[in-house]
Amino acid sequence: MNILGIPILTLVTFFPVAGMVVVLALPGSRTRAIKLAANIFTGLEFVATVLLLTRFDASSGDMQFLERVPWIKAIGAQYLLGVDGISLLLVLLTSLLTFIATLSSWQAVQKRLKEYYVFLLLLETGMIGVFLALDLLLFYVFWEVVLVPMYFLIGVWGGERKLYAAIKFFLYTLFGSVAMLVGILVLRSQHQTFDVLAMLAAGPVLPVALQSWVFLAFFLGFAIKVPMFPFHTWLPDAHVEAPTAGSVILAGVLLKMGTYGFLRFSMPLLPDAARRYAPAIVVLALVAIVYGALVSLMQKDMKKLIAYSSVSHMGFVMLGLFVLTPMAAKGAVLQMVNHGISTGALFLIVGIIYERRHTRLISEFGGLASRMPVYAAVFLIMTMSSIGLPGLNGFIGEFMILMGTFPVSWLWTAVAATGIVLGAGYMLWLYQRVMFGRLANPANESLKDLTLRELATFLPLIVLAFWIGIFPKPFLAVLDKPVEKIIRVVNPAHFEVPR
Amino acid sequence: MFALIPLFPLLGAAVNGIVGIRYFSRRAVGVTAVGAAGLSFAASIAAFAGLLRSAEPVLVKTLFTWVPASLIRTAGGTTIPFALDLTFRYDSLAAVMTLVVTGVGLLIHIYSVGYMSHDRSYARFFAYLNLFTFAMLVLVLGANLAVMFIGWEGVGLCSYLLIGFWFTKDSAADAGKKAFITNRVGDFGFLLGTGLLLFALGTIDTAGITAAVEGGMLAKGTATAAALLLFLGATGKSAQIPLYTWLPDAMEGPTPVSALIHAATMVTAGVYMVARLHALFSLSGTAMAVVALTGAFTAVYAATMGFVQTDIKRVLAYSTISQIGYMFIGLGVGAYAAGIFHLMTHAFFKSLLFLAAGSVIHALSGEQDMRRMGGLRKRIPRTYFVFLVGALAISGLPGLSGFFSKDEILASAFASGNYLVWGLGLAGAGMTAFYMFRLIFLTFFGEERFSGETAHHLHESPPVMLVPLQILALLAVVGGYVGLPRILGGGAWFGRFLETSTGAHESHLAAGTEVLLMAVSVAVAAVAIFAAWTIYVKRKGEPARRFTERFRALHRTVARKYYVDEAYNRIFVGGVFVAARVADWIDRRVIDGLVDGAAALARGASRLSILFDEGVVDGAVNGVGRVHLAASSLLRRLQTGFVYNYALAVVLGVALVITLVIVVL
Amino acid sequence: MIPIEAVIGFGLIIFTIGLAGVLVRKNLVIMLMSLELLLNGVNIILAGLGRHLNSPRGSIFALFVIINAVSEAAVGFALVLAYFRHRKSYDTDSLNDLKG
Amino acid sequence: MITLAVFIFFAVLAVVAALLVVVQKNAMHSVLYLAFTVLATAGVFFALQAEYLGAIQILVYGGGIVVLYIFVIIIVNLKEIVPERRGLVPKLFLVGVPVLLCAEVVTLVMRTGFPSAPSGPEGSGFREMAEMLFASYLLPFEAASILLLAVLIGAIVVARRRHIDDPD
Amino acid sequence: MTSAASSGLGHFIPEAVLLAAAVASMFVHLFAKRGGRRAAGYVALAGIAAAAVALALTPPSAETFFAGHLAADGFALFFKAVILAAGALAIVLAFRFFNVEGSEPGEAYYLILLSMIGMTAAVSATDMVTTYVTFELFAIPSYVLAGIFKKERRSAEAGIKYFFLGTLSSAVMLLGMAFVYGLTGLTGYAEAGPLLAGGSGLAALVAMSLFFVGLFFKAAFVPFHMWAPDVYEGAPTPLVVFLSTAPKAAVVAILVRAMTSLFGGYSLEWSGILQAVALATMFWGNLAALTQTSLKRMLAYSAIAQAGYLAIGLAAWGEPARMAVLFYIAVYVVMNAAAFGLILLVGGGGRFDESVDGLRGLVRRAPVAAASVLVVLLALVGIPPTAGFMGKYFLFAAAVDKGLVLLAAAGALNSAISLFYYFRIGKAMFLEDAVPAAPGAGPAVPGSVSRSVTVVLALSAAALLLFGILPGLLTAPAVSAVLGR
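Top to bottom, those sequences are chains A, B, C, D and E. Residues in the first sequence are numbered consecutively from 1, following my numbering. Residues in the second sequence are numbered consecutively from 1001, following my numbering. Residues in the third sequence are numbered consecutively from 2001, following my numbering. Residues in the fourth sequence are numbered consecutively from 3001, following my numbering. Residues in the fifth sequence are numbered consecutively from 4001, following my numbering.
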């Protein structure tokens, strides 16, 4: 099943580790070489993930490029990797955002470079592994591997309260993941395997009551990661303190791990429980949409604002997943990608002025548009992408989610749609306060516009934002079968032909 | 062919926005932008000609599949695949709209070359303007609600950008944001309406909706709900009650923008949308009544505010709101063609008025307050002339375009039997004539109230601005003849042309009644103009001043726009902020507090267990009688490393284990 | 014939006295002696059970316990002595250097 | 009957002596009572017909351990009387806990009682014991010898004033 | 009988080698002039290595030897390997420690060996008398080891505490053994077990409780743990490495043997006890560790908590659980040895410089050691891809398979709690900058991190990673040890 007999997925997963080894081998004094090596490796990794596309069969809903090696015989754990449309998109997003994050760190990171890139590369392996693993234990291993480098990225290269934020992030998410671990254990003891594919083939053998417990355990793990209201408070702290690249990856990829988990594991493996709890989760998602938007309005720190907007946006994704209709679910997956693009870009945008001014307080800025027109344009595009302007990526996802939700409940749709109004509110207000008005603060007088390197980091994101907005077909095409397959398991009633 | 129409402005916007902004000379920018608009207009004409020749009343062009098919479950209980194509549809309605948009747009582009010639961000302006044209064209050509929504939001974005074009001015930036967010509130309705239609019919293609509705597939209640939701979107975009407040503020933008976006095209998008979905609206009497009444009330209500404005552009802004109200009256009584007819004529004379006002402002070095104008008739006679033409057209002087379109609407309203609407419309007509002529008299008549400095620079606008004005003036005069009613010897060609897209609308009025109605409205307008002349020319505004003295509270209320802005700010913006503050508080204090509380709890438990380990047994033993000791020394006593209390713990543990085994298990 | 219950009861009483001694006393030497009492109590029980079951294993077990008691006494004394050199006291109240 | 009487005599003697061991203020006095206890216990062993055990008890305990105690106390001159300040209530508590534990064990164990000979009679005489010790229990015997080696080393290490080759 | 003993001797060459090494070490210590102490250490280390080789060459046997007193099954062999590893790690770390302390009690080396003989025999013991004697054989030297720095008051105090409480608890265990003997008339596990199960009820349960309490004490299960923080804090650090690991391994082996053969008929009851003990131990240990200021005390509590996870595996009877226990005990030894070893990194490695602050900025001074410690910490918390995770995972999985989901959940929760205090160390090493040397700081110059400590840490980290990524390397022998019996 591999391309030319090469275990391509293993290669894709562990290539960053090779980069990590190379960076480790370089002497710490050769900063340029370290930077270059890290950039080359993340760049090549992106190319490698794109190469996956060449042999990927978009018309199939099955897992592809399966790699299956026995791992721990004693408990039947396997090294099982596979990719379908959902994973593919997220892997591509991961490798792209990591590359961009690496690129954006060229100047932003000055101290302890070697460690920085080591952690960044390790992080990439963890994230890609999460999206590719089809063995629950293996999945868990990758899931946890992500925590440590992120902890250090926040803790070493973060802002003033980095220590607090780092440990809060670590503890909070660890609490979730150990709950998930218990869920995995129960699943395994029922199925006698970790193999997700085998579990799916076996069908829901768990009684509904047990499913509910496992679901709740998984829920804790995934919901904290998403983060769903009311488990979200680690996010603003982590985001605010993390370095730019950390925020980009955190928002762009890490949050998706949670929603991915719901879609890949909670829903198909525990369909009855998922159905049972779907309304409750939807309600939480709706609360998150409105609540996240409201709290965003009150933020004085740009990063914090965007962090809370993530809560709102991820609420949209959760809504899309748990109304259990194929359209909304597809929209949700696309929205994961969209959020990665637009929020990732927004964090980069904040990072750029933070790098120049060492503050992120909104009140410190104003009128930047006249000094930094290109920056203003990029910021505007990403703002519009974030608030779902048609023609840009955000719209497609939100539209599909709303349209997919309507048949289930008009009220949910209506509440979610208020999020769109509020979203425009806080984002435009942010944009106005930072970019518009008179250039009152003399510190901003000498601000430089984007350099070419900085522009280059944005370019792929802008292209993607337009591409997905205008011609999302290739993205949705790979999603179609796998998402529908999952929704069919969870919500067969949706597909029933009456009588 | 017609798919090319939006292409040119898009290219123009891209070229100017990406390359031109840095590398083009002013001339190159202008040529690019005007060229794009011109090519688009030419394409519109060609397409129009093609449509006239074509046997097919509707041309469809699918570019590509936008959102591939997903299964959705519809109200009928069936699960069907639903895909969204990026499709354009060209029919008579679209033809009219494209002609208006590109035609007026072209003129305004030309005008702007002159008007904006001194602005720093010349290329940016034209990029936005072209982008706007593109978005508007997508809106009118879009074959389904989603594609329409691209345009719908696109024009909103451009409006936002153009209102806030001079973004260093806080008021401009605020106005842009207000426009966008108010529109978003409307979008909320639009999206929900779209969702409802999709759920109910399984399609959001406009033709599909029309077909399904006419096929009786839609329950009346659903139709009402969908129509009202969509109409909420229309009120946002078209600045009707209750979402009109953004439009007067939008006058912060450059005047050509006001003319193109906030008079001629974008604000009529709501009208266009309702006309496009006429079948849906027609199905629901309630929705129709709401549309008509909203229009009628807006027409009068906005007109009252026109009475007291002193800013020349704001008068025109309220006038626009009022006139769009007229269009909705037409739509609401089923006379869709009449509504669109008025849309077209309004585009001519209102953009004329705005541009002329721009010319005035231009001449007075940016002065917009009518209290510092006056007597300009002689100073800038050409501008005065075209302005007068526009004012007469809007006031409904027989023979000018406004007369035909407005009368058709009023006649239809009368015919529909909704006399309240008709009455309001008639009142509005009179008020329109009054405030328009108040504007004219204040601006062009009487003594010169501007400063000498301004007078020194006073000059007539250059030809690049005047020529478009004159063309528009011509259109404002003759534009009505395409819809010349039968009673006046015309064939109502316009209505028949639109029948293919908006359906037939037969007036049941007797010829005599119709003539009588015309006469009444002309008379009302004439009286109003006369009144204005009396008050502002003959008596030099004295009665107005006295009226103001007498009814100070009333005047202030109207002048302050009935405090609606304040109320909205209090209730909605304030409400949201209160909610936001509460949410923020909850977030910091309650939710994060719980997290920190859990941590504190763990720490407390930790201290407790250490305390126990290090001698709470001893404490229990020795504690009696030692309570009087200070807490710290007690703590010291407790933290002993004695052997015996550990030994005691062991013994207790043994007892515990045995008890556990015997009793519990 | 000696009833087994009596022997076990007796052994347990000695055991308990030893236990109480370890708990109550603060004198390290006396605590050491109490430990000896503990082991003595168990030995009594073992011997009694050996007699009761007519089996030599009880005595054998008890023999090993005595060997152990000797070992403990020796090491215990050594530790007490070492400690005494620091404290010049075998009072457990002074044994509180190791605390939180 | 006589053995029972002998048993009771020695048992009472042992309990009283044991109690006195625990309650003495002076460690030296305790040692003397400990000697009493040990000897009384030996008497009990004799009554239980565990003559070998009784002999060992007298030799090892009486001749070894008790003498060791006396020697140590004299050698290091530990005649200090430790003042044991402890209130009555804590004392009662500290005594009560082991007593209650003992009571619990007694009641529970006695409820089932001990079966007479679950594994079959093997004989409990000196001869059987010696045979079994060297046949079956050779290994723990060897282990005990290593234990004594360890104790020897350990006691020397700790009790000696300084390490063999410490400079000071 | 003698023939049985001689034929069985072939299976116990490791013990013999250890004994020989102990004697050799002692003679080297006594008769070599200068450097004799260190030489004794090397001899001891060589002896352990030789014993390890002998162990590797010893085939498991299903028989028991010495009249049914010792087993030489895979189970015992596994534990012996673990104990050898613990001893070796302790001795290597001791080199460094004694250097810094400027005092080297050479007796420690052969006392460790003697204690190890007791342990290796105890894990094989299948008879109560043997268990008792070997138990004392490893316990008594350990009291001495705790107090071996007799000039240091804290060490002496630790020794005496350990002695009194250990003796007390072993007496309790002995009482339990006496009752078992009374109920069966026998002392061998395999023979007595069936008789015990034959309806003796309450008395057997009391006997079992008393028996286990002695073992719980040695394993420092809550509520028998109180000695542990004091003793670990007072005892010399490298010896704590030994005292906190090897005895626990031995005790677990004894427990497993007793539970499966002697008290096999009471699995419900002992599972109940161990569930309670596991819960109490995990929560108590972790919570108490949370706010400790002394690094050593914190790690002591952490060692207690780690033992709590083991109790989960013991509570979940059955072969997967036993496999999990074996896996975890091996991992536990490595983790804890490294954890206490990291104390030697504090400042210059001085004994009582024990606050976490001493580790600040370590990554700058000693990146390899810091990275290794990070891996160890992750393993202690139970984060993949370390063996610590796999070990916990197996334990929890075994519990879940037996329906003890809540117990597993509590374990998982605890591993999350433990993150907080473990990562105080990680934080100090990686996120904080070194504090400028305080006046009156230890003699060691910051920047000199002992190579031997680094080697031990790096090896531990490598092992933890290896067994975390490829746990099959360790599960295979563990499985065969469990099933091969």
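Glycine residues also receive a C-beta, built at the ideal position from the N, C-alpha and C atoms.
### Query
For chain G, is any of its Cβ atoms less than 9 Å away from the one on residue 142 of chain A?
Here the protein chains are A, B, C, D and E, and chain G is not one of them.
### Message
Taking contact to mean 3 or more Cβ pairs, one atom from each stretch, closer than 8 Å, check whether the segment 405–423 of chain A and the segment 276–293 of chain A are in contact.
### Response
Result yes; three or more Cβ-Cβ pairs closer than 8 Å.
### Query
Does the beta-carbon distance from residue 4155 of chain E to residue 4166 of chain E come in below 9 Å?
Along the fifth sequence, read from residue 1 onward, the residue named residue 4155 of chain E stands at position 155. Along the fifth sequence, read from residue 1 onward, the residue named residue 4166 of chain E stands at position 166. No, they are not a contact pair.
### Message
Just to confirm my understanding: we take residue 375 of chain A, look at its own chain, exclude 5 residues before and 5 after, and list those with CB closer than 6 Å. What are they?
### Response
Sequence index remark: in the first sequence, residue 375 of chain A carries index 375 (1-based). Short of 6 Å from the beta carbon of residue 375 of chain A, and not among the five residues preceding or following it, lie these beta carbons of its own chain, in chain order: 449, 450.
### Query
For residue 1061 of chain B, does the three-state DSSP call read helix, strand or coil?
Stepping through the second sequence from its first residue, residue 1061 of chain B is reached at position 61. Residue state, collapsed to three classes: strand.
### Task
Reducing DSSP to helix, strand and coil, say where residue 60 of chain A ends up.
In the first sequence, the residue the question calls residue 60 of chain A occupies position 60. Residue 60 of chain A: coil per DSSP, three-state reduction.
### Message
Which residues in chain C have a C-beta closer than 7 Å to the C-beta of residue 4216 of chain E? List them in chain order.
### Response
Stepping through the fifth sequence from its first residue, residue 4216 of chain E is reached at position 216. Here the premise fails: no neighbours, minimum Cβ distance about 17 Å.
### Task
Check whether the Cβ atoms of residue 4475 of chain E and residue 4337 of chain E lie closer than 9 Å to each other.
The sequence position of residue 4475 of chain E within the fifth sequence is 475, counting from 1. The sequence position of residue 4337 of chain E within the fifth sequence is 337, counting from 1. No. Outside cutoff.
### Task
Return the chain-ordered list of same chain residues with a C-beta closer than 8 Å to the C-beta of residue 1537 of chain B, the five sequence neighbours on each side being excluded.
The residue labelled residue 1537 of chain B in the question sits at position 537 within the second sequence. These residues qualify, in order along the chain: 1441, 1445, 1446.
#### Entry: In DSSP terms, what residue 80 of chain A is bridged to
In the first sequence, counting from the first residue as 1, residue 80 of chain A sits at position 80. Its beta-bridge partners are A:68.
### Query
Straight-line CA distance for residue 65 of chain A to residue 189 of chain A?
Stepping through the first sequence from its first residue, residue 65 of chain A is reached at position 65. Stepping through the first sequence from its first residue, residue 189 of chain A is reached at position 189. Rounded to the nearest angstrom, the two C-alpha atoms are 28 Å apart.
### Query
Under a three-way DSSP split, which group does residue 1671 of chain B fall into?
Since the first residue of chain B shown is 1001 and the last is 1665, residue 1671 of chain B is not available in this structure.
### Query
By the 10 Å Cβ neighbour count, where 16 or more other Cβ atoms means buried, how is residue 184 of chain A classified, buried or exposed?
Position 184 of the first sequence holds residue 184 of chain A. Residue 184 of chain A comes out buried.
### Task
Step through the CB atoms of chain B and report whether any lies within less than 9 Å of the CB of residue 4144 of chain E.
Mapped onto the fifth sequence, residue 4144 of chain E falls at position 144. For residue 4144 of chain E, the answer is no, since every Cβ of chain B falls outside 9 Å of its Cβ.
### Query
Is residue 4075 of chain E near the ligand FAD, with its Cβ less than 8 Å from a heavy atom?
Ligands in the displayed structure: none, and consequently the ligand FAD is not present.
### Task
Taking only beta carbons into account, state which residues of the segment 4131–4158 of chain E come closer than 7 Å to chain C, listed in chain order.
4132, 4133, 4136, 4140, 4143, 4144, 4147, 4150, 4153, 4154, 4156, 4157, 4158
### Task
Could you pull out every residue in the same chain whose Cβ sits closer than 6 Å to the Cβ of residue 378 of chain A, ignoring the five residues on either side in sequence?
Looking up residue 378 of chain A in the first sequence gives position 378. Cβ neighbours of residue 378 of chain A beyond the five flanking positions: 458.
### Task
Drop a sphere of 10 angstroms on the beta-carbon of residue 1422 of chain B, count the other beta-carbons inside from all chains shown, and report buried for 16 or more, exposed for fewer.
As a first step, residue 1422 of chain B must be located in the second sequence, where it is residue number 422. With 16 or more other Cβ atoms inside 10 Å of its own Cβ, residue 1422 of chain B counts as buried.
### Query
Looking at C-alpha atoms only, which residue of B:1272, B:1259, B:1471, B:1595 is the closest neighbour of residue 232 of chain A?
Taking the first sequence and counting its residues from 1, the one referred to as residue 232 of chain A is at position 232. Among B:1272, B:1259, B:1471, B:1595, the Cα nearest to that of residue 232 of chain A is on B:1595.
### Message
So for residue 361 of chain A, helix, strand or coil by DSSP?
### Response
By one-based count along the first sequence, residue 361 of chain A stands at place 361. Correct three-state label for residue 361 of chain A: strand.
### Residue(s) in a DSSP beta bridge with residue 4355 of chain E
Counting from 1 along the fifth sequence, the entry for residue 4355 of chain E is found at position 355. E:4294.
### Query
Nearest to residue 1063 of chain B by alpha carbon, out of B:1052, B:1605, B:1084, B:1050?
Position 63 of the second sequence, counted from the first residue, corresponds to residue 1063 of chain B. Among B:1052, B:1605, B:1084, B:1050, the Cα nearest to that of residue 1063 of chain B is on B:1084.
### Task
In the DSSP assignment, find the alpha helix (DSSP H) that holds residue 1203 of chain B and state where it starts and stops.
Walking along the second sequence from the start, residue 1203 of chain B turns up at place 203. Counting along the chain, residue 1203 of chain B falls outside any alpha helix (DSSP H), and DSSP gives it neither H nor E.
#### Entry: Residue interval of the beta strand (DSSP E) (run including residue 230 of chain A)
Locating residue 230 of chain A in the first sequence gives position 230, counting from the first residue. Taken as a continuous stretch (DSSP letters only), residue 230 of chain A belongs to no beta strand (DSSP E), as it is neither H nor E.
### Message
Determine, for residue 1640 of chain B, whether the minimum Cβ-Cβ distance to residues of chain D falls below 9 Å.
### Response
As a first step, residue 1640 of chain B is located in the second sequence; it is residue number 640 there, counting from the start. Residue confidence for residue 1640 of chain B is low, a pLDDT of 38 falling below 50, so the modelled location carries little weight; the figure read from the coordinates is stated next. No, its Cβ sits nowhere closer than 9 Å to a Cβ of chain D.
### Same chain, Cβ closer than 8 Å to residue 122 of chain A, five either side skipped, listed in chain order
Taking the first residue of the first sequence as position 1, residue 122 of chain A is located at position 122. Same-chain partners within the cutoff: 16, 17, 20, 145, 148, 149.
### Task
Give the straight-line distance between the Cα atoms of residue 386 of chain A and residue 307 of chain A, rounded to the nearest whole angstrom.
Residue numbering aside, residue 386 of chain A sits at position 386 when the first sequence is read from its first letter. Residue numbering aside, residue 307 of chain A sits at position 307 when the first sequence is read from its first letter. Their backbone Cα atoms lie some 12 Å apart in a straight line.
### Query
What's the gap between the Cα of residue 1628 of chain B and the Cα of residue 4409 of chain E?
By one-based count along the second sequence, residue 1628 of chain B stands at place 628. By one-based count along the fifth sequence, residue 4409 of chain E stands at place 409. Only weak support is given to the placement of residue 1628 of chain B: the predicted model assigns it a pLDDT of 30, under 50, and the value that follows is read from those uncertain coordinates. Their Cα atoms are separated by approximately 43 Å.
### Query
Residues of chain C with CB under 9 Å from residue 4210 of chain E, in chain order?
As a first step, residue 4210 of chain E is located in the fifth sequence; it is residue number 210 there, counting from the start. What residue 4210 of chain E touches in chain C, judged by beta-carbon distance under 9 Å, is nothing: the nearest beta carbon there is about 10 Å away.
### Query
When the Cβ atoms of the segment 4275–4289 of chain E are set against those of the segment 4174–4186 of chain E, are three or more pairs found closer than 8 Å?
no
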